[in-house]
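Participant: Would you mind keeping the following structure in view while I ask a few things?
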Ligand SMILES: [Zn+2]
């Protein structure tokens, strides 16, 4: 059913839980995620990558996700992830996204604020805006280690900027950089609880943890107690699906090019991951 992303997250936080958000590059994964959410009776967030939303087919995917979300028996929100292009934001919202991460985290501080404000002016009051302060290392769509492939390690969120940033942007949620990375962690993830705690006391809006793949379950539960109400998953979901497809492909080719059955494996892999994440974040 249709829901406001901020209300979904706030009501989860009131119960000591966080809401998982899953990147959907395709409809098969989205069906699995929504199915898992319905089975667990919990709300969920479908994320669309900005590169997806920048194409005509990607906008059609957003429209399909909108239909899927509205018909679900649990609250489902559709968010455009990590967008910095206002035209892509407008197109995604017109196609059915109800929330946007207006991501100016790679810009100078004042430009980051201006991007979020411009997004608000363009998209109107009904679209829930997430903003990001402090850059996340890594690539959202491809899983390299944070220090591979020329990716620079970005800075932690500066907690001293949080109050000013939130009040001037009017953002509904704040994505933070506290040692989390996009893609694969090199070694054990080291979340900076001191920084997260510092941020949590400076703003009342829900915080968002990106790059949750690889962070142990008990750490994610602890994060929810520090007002982290939304946790984004991407890499691990992809890893599971791709491993399953690789393993199942030969037998399904031999079985009369059985794409339908192969998609069933895809669904079970993505659905199993979503079920585990939902359980992990729920109190
Ligand atoms: Zn992210």
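In my numbering, the protein residues as written are 1168 to 1450. Note that beta-carbon positions come from the ideal geometry of N, C-alpha and C, so glycine has one too. All values derive from a computational prediction rather than experimental measurement.
1. Here's the rule: buried if 16 or more other CB atoms are within 10 angstroms of the residue's CB, otherwise exposed. What is residue 1168?
2. So residue 1188 packs on residue 1440, CB below 8 angstroms; how close in whole Å?
3. So what's residue 1190 in DSSP terms, helix, strand or just coil?
4. So, with DSSP's three-state summary, where would you put residue 1248?
5. Have a look at 1429, 1341 and 1448 and flag the residue whose alpha-carbon is nearest the alpha-carbon of residue 1389.
6. Between which two residues does the beta strand (DSSP E) carrying residue 1396 extend?
7. Is it true that the CB of residue 1367 sits closer than 8 angstroms to the CB of residue 1299?
8. Which runs of the alpha helix (DSSP H) fall wholly inside the segment 1279 to 1335 and span at least 4 residues, in chain order?
9. Per DSSP, residue 1389 forms a beta bridge with which residues?
10. Helix, strand or coil for residue 1243, going by three-state DSSP, please let me know.
11. Contact check, residue 1283 vs residue 1264 under 8 angstroms by CB: the rounded distance?
12. If distances are taken between C-alpha atoms only, which option among 1415, 1446 and 1302 comes closest to residue 1431?
13. Can you look up residue 1343 in the DSSP assignment and give me helix, strand or coil?
14. Using 8 angstroms as the threshold, is the segment 1327 to 1336 in touch with the segment 1193 to 1213, meaning 3 or more CB pairs across them?
15. Whole angstroms is fine: what's the gap from residue 1351's alpha carbon to residue 1377's?
16. On the DSSP bridge list, what partners appear for residue 1212?
17. Beta carbon of residue 1307: closer than 7 angstroms to some heavy atom of ligand 1?
18. State yes or no: is the C-beta of residue 1407 nearer than 7 angstroms to some heavy atom of ligand 1?
19. Considering only the alpha carbon of each residue, which of 1365, 1279, 1358 and 1303 lies closest to residue 1326?
20. Under 7 angstroms Cβ to Cβ from residue 1153, same chain only, skipping five residues before and after it: list those, please.
Facilitator: Quick look at the numbers:
1. One-based indexing of the chain shown puts residue 1168 at position 1. Under this definition residue 1168 is an exposed residue.
2. As a first step, residue 1188 is located in the chain shown; it is residue number 21 there, counting from the start. As a first step, residue 1440 is located in the chain shown; it is residue number 273 there, counting from the start. The distance from the Cβ of residue 1188 to that of residue 1440 is about 13 angstroms, inconsistent with a contact at the 8 angstroms cut-off.
3. In the chain shown, residue 1190 corresponds to position 23, counting from 1. If DSSP states are grouped into helix, strand and coil, residue 1190 belongs with the strands.
4. Looking up residue 1248 in the chain shown gives position 81. It is a strand residue.
5. Residue 1389 sits at position 222 when you count from the first residue of the chain shown. Comparing alpha-carbon positions, the option among 1429, 1341 and 1448 lying closest to residue 1389 turns out to be 1448.
6. Translated into the one-based positions of the chain shown, residue 1396 becomes position 229. From DSSP, the beta strand (DSSP E) with residue 1396 extends over 1395 to 1400.
7. For the purposes of this step, residue 1299 is taken as residue 132 along the chain shown, with counting starting at 1. For the purposes of this step, residue 1367 is taken as residue 200 along the chain shown, with counting starting at 1. No, Cβ-Cβ distance for residue 1299 and residue 1367 is not below 8 angstroms.
8. With a minimum length of 4 residues, no continuous alpha helix (DSSP H) run stays inside the segment 1279 to 1335.
9. Position 222 of the chain shown, counted from the start, is the residue given in the question as residue 1389. Residue 1389 is not bridged to any residue.
10. If you number the chain shown from 1, residue 1243 lands on position 76. Here residue 1243 sits in strand by DSSP.
11. Position 116 of the chain shown, counting from 1, holds the residue named residue 1283. Position 97 of the chain shown, counting from 1, holds the residue named residue 1264. The pair is not a contact, with the Cβ atoms about 16 angstroms apart (cut-off 8 angstroms).
12. Working through the chain shown from its first residue, we reach residue 1431 at position 264. Minimum Cα distance to residue 1431 is reached at 1415.
13. Position 176 of the chain shown, counted from the start, is the residue given in the question as residue 1343. Three-state result, residue 1343: strand.
14. No, they do not touch.
15. The residue labelled residue 1351 in the question sits at position 184 within the chain shown. The residue labelled residue 1377 in the question sits at position 210 within the chain shown. A straight-line Cα-Cα distance of about 12 angstroms links residue 1351 and residue 1377.
16. Translated into the one-based positions of the chain shown, residue 1212 becomes position 45. Per DSSP, the beta-bridge partners of residue 1212 are 1188 and 1244.
17. Translated into positions along the chain shown, residue 1307 becomes position 140. Yes, the beta carbon of residue 1307 sits closer than 7 angstroms to at least one heavy atom of ligand 1.
18. Counting from 1 along the chain shown, the entry for residue 1407 is found at position 240. Flag unset: Cβ of residue 1407 not near ligand 1.
19. Here residue 1326 corresponds to residue number 159 of the chain shown, with the count starting at 1. The residue with the shortest Cα to Cα distance from residue 1326 is 1365.
20. Given a span of 1168 to 1450 for the chain in the structure shown, any question on residue 1153 remains unanswerable.
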